Every structure is written in C-alpha cells, then in structure tokens.
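Chain order of the listed sequences is A and B.
The numbering used here numbers the first residue of the first sequence as 190 and each following residue consecutively.
The numbering used here numbers the first residue of the second sequence as 8 and each following residue consecutively.
Quick reminder that beta carbons are idealized off the backbone N, C-alpha and C, glycines included.
Please read all numbers here as calculations on a predicted model, not as lab measurements.
See structure below.
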Amino acid sequence: MTAGAMNRETLFNTVLAVLLLVLPLAAVAIGEPFYVTLATRMAILALAAVGLNLALGLGGLVSFGHAAFFGIGGYVAGIFASHAFNQEPMLFGFEGSDQMPVIWLSAMLVSALVAVPIGAISLRTSGVYFIMITLAFAQMIYYFAISWPAYGGEDGLSILTRNAFPGLNTAQPISFFLICYGLLMAGLLLFWFVRNSRFGAALQAARQNEARVAAVGIAPFRIRLAAFAMSAAITGVAGALFADLNRFASPSMLSWQMSGELIVLIVLGGTARLFGPVAGAILFVLFEFALGGLTERWQLFLGLILLGVVLFARGGLIGLFAGKARHG
Amino acid sequence: MAETVLSIRDLRKTFGALKATDGVSLDLRVGEIHALIGPNGAGKTTLIHQISGSIKPDHGTIHFRGEDISRLGVAERARRGLGRSFQISSLAPEFSALRNVMLAVQARQGSSFRFFRPVMTDRSLIEPAMAVLEQTGLGSRAHLPAAELSHGERRQLEIAIALALGSKAFLFDEPMAGMGPEGSRQLTAFLDRLRAQAPILLVEHDMEAVFALADRISVLVYGRVIASGTVDEIRNDAEVRRAYLGEAS
Numbered sequence: 190m191t192a193g194a195m196n197r198e199t200l201f202n203t204v205l206a207v208l209l210l211v212l213p214l215a216a217v218a219i220g221e222p223f224y225v226t227l228a229t230r231m232a233i234l235a236l237a238a239v240g241l242n243l244a245l246g247l248g249g250l251v252s253f254g255h256a257a258f259f260g261i262g263g264y265v266a267g268i269f270a271s272h273a274f275n276q277e278p279m280l281f282g283f284e285g286s287d288q289m290p291v292i293w294l295s296a297m298l299v300s301a302l303v304a305v306p307i308g309a310i311s312l313r314t315s316g317v318y319f320i321m322i323t324l325a326f327a328q329m330i331y332y333f334a335i336s337w338p339a340y341g342g343e344d345g346l347s348i349l350t351r352n353a354f355p356g357l358n359t360a361q362p363i364s365f366f367l368i369c370y371g372l373l374m375a376g377l378l379l380f381w382f383v384r385n386s387r388f389g390a391a392l393q394a395a396r397q398n399e400a401r402v403a404a405v406g407i408a409p410f411r412i413r414l415a416a417f418a419m420s421a422a423i424t425g426v427a428g429a430l431f432a433d434l435n436r437f438a439s440p441s442m443l444s445w446q447m448s449g450e451l452i453v454l455i456v457l458g459g460t461a462r463l464f465g466p467v468a469g470a471i472l473f474v475l476f477e478f479a480l481g482g483l484t485e486r487w488q489l490f491l492g493l494i495l496l497g498v499v500l501f502a503r504g505g506l507i508g509l510f511a512g513k514a515r516h517g
Numbered sequence: 008m009a010e011t012v013l014s015i016r017d018l019r020k021t022f023g024a025l026k027a028t029d030g031v032s033l034d035l036r037v038g039e040i041h042a043l044i045g046p047n048g049a050g051k052t053t054l055i056h057q058i059s060g061s062i063k064p065d066h067g068t069i070h071f072r073g074e075d076i077s078r079l080g081v082a083e084r085a086r087r088g089l090g091r092s093f094q095i096s097s098l099a100p101e102f103s104a105l106r107n108v109m110l111a112v113q114a115r116q117g118s119s120f121r122f123f124r125p126v127m128t129d130r131s132l133i134e135p136a137m138a139v140l141e142q143t144g145l146g147s148r149a150h151l152p153a154a155e156l157s158h159g160e161r162r163q164l165e166i167a168i169a170l171a172l173g174s175k176a177f178l179f180d181e182p183m184a185g186m187g188p189e190g191s192r193q194l195t196a197f198l199d200r201l202r203a204q205a206p207i208l209l210v211e212h213d214m215e216a217v218f219a220l221a222d223r224i225s226v227l228v229y230g231r232v233i234a235s236g237t238v239d240e241i242r243n244d245a246e247v248r249r250a251y252l253g254e255a256s
C-alpha cells in the first residue's frame with residue numbers, strides 16, 4: 190500500500206518537474222521561443238496554485254479570493270517598476286525598484302499583510318460563507334484597483350522593461366523561465382516542509398476535525414490564519430512574476446475568474462497533493478493553448494474535463510497516476 | 008479529604024424553555040472516579056460541554072486546579088490539563104492512530120508553530136505517542152487510519168489522546184458506549200488504574216462499570232443533581248431508584 194503509492198507519486202512528480210524544465214530548453218535549442226513563454230506561464234500559475242493549495246488543500250479553506258493576492262503581487266511589481274522608471278518617490282521617499290528580489294519580498298509582505306485582516310474576518314465563518322466572504326474581499330480590491338487612476342485604473346499598469354535580476358538578462362525568455370522555475374521549486378519545497386511539520390499536522394487535522402484539534406489544546410483559528418497568510422504570500426510572488434511575464438499588471442489578475450482558475454488548477458491536478466498545482470497548471474495551459482487555437486469557447490471543453498475529474502477522478506491527475514494520498 | 012481538582016458551582020444553562028443544567032454543583036477530587044449518571048436527556052453531555060468549554064454556561068463558575076476557567080475557550084482549558092473524550096468518537100479520520108496521538112503529544116509540548124522538522128521522523132513525538140498506544144492496547148493498530156479502526160478501537164484512541172495530553176483531569180463521555188462485553192471489561196480495568204494518574208469525571212450508562220469503578224456517583228435528572236454519594240448510598244436511595252434505576256435494581 191503506502192510504499193508503492195508513495196514511490197509512484199514521487200516518480201510522477203519527478204517526471205513533471207523534469208518535463209517542465211527540459212521542454213523549454215529544448216524549445217530554445219530548436220528555435221521555438223514561444224514554447225518558453227508557455228512553460229513560463231505554467232510555472233507561474235503552478236506557483237500561484239501552490240500558494241492556494243496550502244490553504245485549500247492542507248487547511249480545507251476554500252478561498253475564492255486568492256486573485257486578490259495574485260493581483261496585489263502583480264501591482265507591487267508594476268507600481269515599484271513605474272516609480273523606479275519615472276524616478277518619482279512613492280511612500281516615505283521610497284523610489285520604487287526594478288530589482289526582482291526586492292519586488293518579490295515586498296509582494297510577499299504586502300500580500301500577507303492584506304491576508305491577515307481578510308483571514309481574521311473570513312475565518313470566523315466556514316463552508317459557503319467562507320467562500321463568499323473571501324470572494325467579497327477580492328472584489329473590493331478589484332474595484333479599488335480599477336477606480337484608482339494613478340495606477341492605470343481599468344487600463345492596468347504597463348511595465349516598460351521587465352524587472353531585473355542580478356546576474357541574469359531577464360529580457361531573455363529562457364532566463365526568465367529559469368527564474369520562475371526556480372521559485373516554483375522553492376515554493377514546492379516550502380509546501381513540502383509545511384505539510385510535514387507540526388504546523389502542517391495541526392492544519393490538516395483542523396481540516397479533518399476542528400473539535401478534536403481544539404480538544405487537544407491547539408486553537409484552530411490561529412493555525413488557519415497563519416496558513417492563510419503564508420498561502421497569500423506565495424500566491425503574491427507568483428503575481429509579481431505574472432506581471433513581469435506580461436510586462437503588464439492587469440486588473441484581470443484581481444478578478445474572480447482568476448480566483449476560480451486557481452481553484453480549477455488545484456482540482457485538476459489533485460487537491461492537497463504536492464505536485465497537484467503543477468500537474469493542474471500544465472494541463473490548464475495546454476488546453477488553453479491547444480483548444481484555444483481551435484475555438485474561442487475552449488473553456489466549455491475545460492468545463493467538461495473538470496466535470497469528468499470531479500465525477501470520476503476525485504484525486505485529480507495525481508490521484509489518477511499515484512492513487513490515494515496517505516498520511517503515514 | 009483529598010484535594011479538589013475540579014470544582015463546579017451552581018452551573019445553569021437553558022435552551023429556550025429547557026433547563027438543561029439547573030444549578031449543578033460538583034467536585035472532582037484527586038484519585039477518584041466520579042461517575043455522572045442519569046436518564047437520556049438529563050443534561051449529562053451538556054454539562055461535559057460546559058466543563059470542556061464548547062458551551063458557555065448562563066451562570067455559575069468552574070474552577071480547575073484553583074483557577075477560574077469559566078471564561079476560557081476549549082483549547083485554553085485543554086492546555087491547562089483538562090482532557091476529554093467525546094460521546095461520539097471525534098478523531099482526525101485520515102490520520103493514522105499514531106498521528107492522532109502525536110498531535111496530542113505535540114500540543115502538550117507547546118508550540119505548533121514549527122514549520123520545518125518533519126513530524127514523521129521526530130522521535131520526541133513518535134516515542135511518547137507509541138508508548139501511549141501500547142498502554143491502551145492499540146500498539147498493533149498504530150499505522151491504520153482512524154477511519155479504519157473498529158468502533159471500540161476508536162473509543163480507546165480517544166482515551167489514548169487524553170492520556171498523551173498528560174491531562175490533570177479526565178472527562179470521559181460514555182467511553183463504553185457500543186463496546187462489546189470483553190471491551191467493556193478491559194476498559195473498566197484500564198480506567199480503574201488510570202484514576203491514580205488523574206481523577207476521572209465519568210459519564211456512563213453501563214451500570215455494571217459504574218458500580219465497579221465509581222468512588223462517588225452523582226445522579227442527574229432534568230438538569231439537577233438529585234443525589235450524590237457513594238455507590239452504596241446511591242444504590243439505596245429511594246428517589247434515585249424511582250427516577251432512574253427502576254425496579255430491577
């Protein structure tokens with residue numbers, strides 16, 4: 190039972206990780222840089238979903254508002270870049286930055302800081318109410334963004350040149366891909382550690398039985414709030430990368446459709462599974478590319494596939510290949 | 008008289024017109040098993056919920072080890088050493104028996120805000136948890152998910168978790184419920200030894216077990232304690248016989 194299933198999952202994860210790395214490198218070698226952009230999109234969406242997977246998969250917190258953090262990360266990248274470009278100071282004389290590490294840390298920090306009050310209120314509810322409250326908060330932030338002319342309003346905010354990373358030419362698609370891939374791996378590593386830690390044990394137990402966790406003396410609320418903030422921080426970094434990929438911080442990053450897509454990625458790939466978001470993002474971007482080329486209504490087919498997964502393969506793609514998750 | 012660990016004074020709780028708890032006062036002293044009996048609907052589980060903190064009483068106080076815990080939440084009371092088992096088994100169903108107990112060991116050790124060390128190789132969690140599982144007769148079932156354990160084993164696991172918490176007092180809500188005669192006998196013997204470790208407030212319908220174990224018995228009827236005393240006093244109390252035990256006993 191356990192050993193076989195675990196090994197198969199590890200093997201499947203390794204294959205996914207290697208494929209996602211090797212295919213864009215091969216694409217460069219044969220002179221098809223477009224596929225590098227496709228793979229970069231996969232890596233970034235996967236990272237955003239790894240963040241959500243921490244709250245949704247491990248904690249059972251179905252946030253329908255994670256676009257808020259994805260968008261906040263994107264706007265941090267856009268706003269920092271535009272201030273640095275125009276050399277006009279923003280808050281406290283800070284002149285913005287076009288350095289990715291600075292942007293990432295800020296995106297994480299701002300996302301987590303916004304997540305704390307949202308979580309503190311939303312986590313007083315559960316089930317459908319939690320879904321609706323997180324959605325409502327995300328919509329508030331969305332409308333705030335489109336009505337703020339200083340940073341583009343409905344038009345969004347362009348990033349004229351992609352932000353910089355020390356020692357790499359980020360304008361080269363493959364360099365930028367490698368950065369995104371590296372962050373995805375870091376995000377997965379963090380998820381792995383959290384899942385297996387004491388914190389992760391309490392978080393997963395609270396998903397299974399809240400009363401039990403409280404009865405041993407662990408307050409589920411604090412554990413969930415911390416998980417929600419961590420989750421937001423990871424999704425926030427992914428947002429900053431996404432804005433850099435498109436050289437554009439778009440209000441659509443904050444939209445409820447984006448929140449829905451992140452949930453779809455996780456369900457497709459396998460909820461709470463380490464590589465579930467990766468499998469989901471690869472599948473999603475492939476569909477979008479392959480079916481989107483044939484018909485504008487590709488999402489109809491995505492919907493059918495999602496229906497199939499929910500009805501016949503509850504463990505998603507990972508569940509299909511590696512069987513049920515075990516908790517040791 | 009032995010030291011009082013848990014002291015409940017004039018607890019009241021109404022749900023609409025129903026007086027679920029109507030001025031209950033009880034003590035739990037070091038080394039004893041204090042059984043709480045009463046017909047269905049007498050308010051036994053409501054009382055346990057108020058003691059453990061999941062229901063707030065309308066009136067009255069609860070002191071535990073000299074501290075007023077009436078206003079504390081469930082988790083805070085558990086951290087102060089109040090261990091409970093649930094009337095209906097309440098476990099993390101996907102986790103193995105071992106991981107269920109490890110969660111209690113982790114809670115006892117303090118912070119759950121540790122993010123890096125994997126629990127499944129953490130001997131400071133595994134060893135105490137295994138010891139408790141062995142002690143409760145679940146050693147060979149440690150790696151099965153709680154959902155796959157038998158009913159009796161889940162009841163044992165509930166107790167194992169309370170043990171692993173190092174509780175200073177136990178609240179056990181019908182631990183024998185649904186157990187076969189052999190299971191009940193084993194659990195009776197186990198609880199008999201356990202009282203030396205920490206006193207037990209035992210809600211139980213199995214009268215054989217109650218009479219075998221209890222140092223004192225309180226009888227709850229319609230939210231009131233109608234009698235409280237030793238096993239013999241309760242057996243011979245006319246009002247109790249009428250209200251609860253019936254002609255047979």
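Name, in chain order, the residues that DSSP records as bridge partners for residue i.
{"i": "D180 (chain B)", "result": "B:V210"}
{"i": "G248 (chain A)", "result": "For G248 (chain A), which the question treats as bridged, DSSP gives no partner whatsoever."}
{"i": "K51 (chain B)", "result": "Answer by DSSP bridge pairing: none, since K51 (chain B) is not bridged."}
{"i": "G90 (chain B)", "result": "B:F177"}
{"i": "Q288 (chain A)", "result": "A:A353"}
Given a cut-off of 8 Å, decide if residue j and residue i are closer than it, judged by their beta-carbon atoms.
{"i": "L178 (chain B)", "j": "Q142 (chain B)", "result": "no"}
{"i": "T484 (chain A)", "j": "A237 (chain A)", "result": "no"}
{"i": "R106 (chain B)", "j": "A390 (chain A)", "result": "yes"}
{"i": "M114 (chain B)", "j": "L172 (chain B)", "result": "In the sequence as presented, Met is not what sits at residue 114 (chain B); that position holds Ala. A contact, by the Cβ cut-off of 8 Å."}
{"i": "A427 (chain A)", "j": "G240 (chain A)", "result": "yes"}
{"i": "A523 (chain A)", "j": "N352 (chain A)", "result": "What is shown of chain A runs 190 to 517, which leaves residue 523 (chain A) out entirely."}
{"i": "A256 (chain A)", "j": "A422 (chain A)", "result": "no"}
{"i": "A400 (chain A)", "j": "I412 (chain A)", "result": "no"}
{"i": "E211 (chain B)", "j": "E189 (chain B)", "result": "no"}
{"i": "A416 (chain A)", "j": "L234 (chain A)", "result": "no"}
{"i": "F476 (chain A)", "j": "L491 (chain A)", "result": "yes"}
By DSSP, does residue i sit in helix, in strand, or in coil?
{"i": "A511 (chain A)", "result": "helix"}
{"i": "H255 (chain A)", "result": "coil"}
{"i": "E254 (chain B)", "result": "Note that E254 (chain B) scores a pLDDT of 47, beneath 50, so its modelled location is shaky; the value from the coordinates is reported in the next line. Here E254 (chain B) sits in coil by DSSP."}
{"i": "W487 (chain A)", "result": "helix"}
{"i": "E74 (chain B)", "result": "strand"}
{"i": "L156 (chain B)", "result": "coil"}
{"i": "G30 (chain B)", "result": "strand"}
{"i": "H272 (chain A)", "result": "helix"}
{"i": "T68 (chain B)", "result": "strand"}
{"i": "F437 (chain A)", "result": "strand"}
{"i": "R197 (chain A)", "result": "helix"}
{"i": "H41 (chain B)", "result": "strand"}
{"i": "L110 (chain B)", "result": "helix"}
{"i": "R462 (chain A)", "result": "coil"}
{"i": "G144 (chain B)", "result": "coil"}
{"i": "S224 (chain B)", "result": "Contrary to the premise, residue 224 (chain B) reads as Ile rather than Ser in this sequence. Reduced to three states, the DSSP call for I224 (chain B) is strand."}
{"i": "N474 (chain A)", "result": "Here residue 474 (chain A) turns out to be Val, not Asn, going by the sequence shown. Of the three classes helix, strand and coil, the one that applies to V474 (chain A) here is helix, per DSSP."}
{"i": "R249 (chain B)", "result": "helix"}
{"i": "A9 (chain B)", "result": "coil"}
{"i": "V130 (chain A)", "result": "Residue 130 (chain A) cannot be examined here, being either before or after the span of chain A that is shown, 190 to 517."}
{"i": "A215 (chain A)", "result": "helix"}
{"i": "T226 (chain A)", "result": "helix"}
{"i": "L18 (chain B)", "result": "strand"}
Can you tell which of the options has the C-alpha that lies nearest to the C-alpha of residue i?
{"i": "L480 (chain A)", "options": "A:I494, A:G248, A:V467", "result": "A:I494"}
{"i": "I261 (chain B)", "options": "A:V207, A:A404, A:V498", "result": "Because chain B here runs from 8 to 256, residue 261 (chain B) falls outside it and cannot be looked at."}
{"i": "Y331 (chain A)", "options": "A:G342, A:R396, A:N196", "result": "A:G342"}
{"i": "T28 (chain B)", "options": "B:R19, B:E160, B:E10, B:R36", "result": "B:R19"}
{"i": "R200 (chain B)", "options": "B:L220, B:S92, B:L208", "result": "B:L220"}
{"i": "L324 (chain A)", "options": "A:M419, A:G285, A:A304, A:G356", "result": "A:A304"}
{"i": "I335 (chain A)", "options": "A:G260, A:V456, A:A270", "result": "A:G260"}
{"i": "H150 (chain B)", "options": "B:G117, B:M186, B:M109, B:S118", "result": "B:M109"}
{"i": "R503 (chain A)", "options": "A:Q488, A:I455, A:L491", "result": "A:I455"}
{"i": "G88 (chain B)", "options": "B:T68, B:A99, B:A111", "result": "B:A111"}
{"i": "S32 (chain B)", "options": "B:I168, B:S225, B:P125, B:N243", "result": "B:S225"}
{"i": "F431 (chain A)", "options": "A:C369, A:N275, A:V299, A:N398", "result": "A:C369"}
Leaving out five residues before and five after residue i in sequence, what residues of the same chain have Cβ atoms less than 7 Å from its Cβ?
{"i": "G345 (chain A)", "result": "F437, A438, S439, P440"}
{"i": "I507 (chain A)", "result": "E198, F201, G458, G459, R462, F464, G465, A468"}
{"i": "V527 (chain A)", "result": "Since the first residue shown for chain A is 190 and the last is 517, residue 527 (chain A) is missing from the structure and cannot be characterised."}
{"i": "D239 (chain B)", "result": "none"}
{"i": "S96 (chain B)", "result": "R161, R162, E165"}
Ordered along the chain, which non-local residues of its own chain (more than five positions away) have a Cβ less than 6 Å from that of residue i?
{"i": "F22 (chain B)", "result": "none"}
{"i": "V291 (chain A)", "result": "none"}
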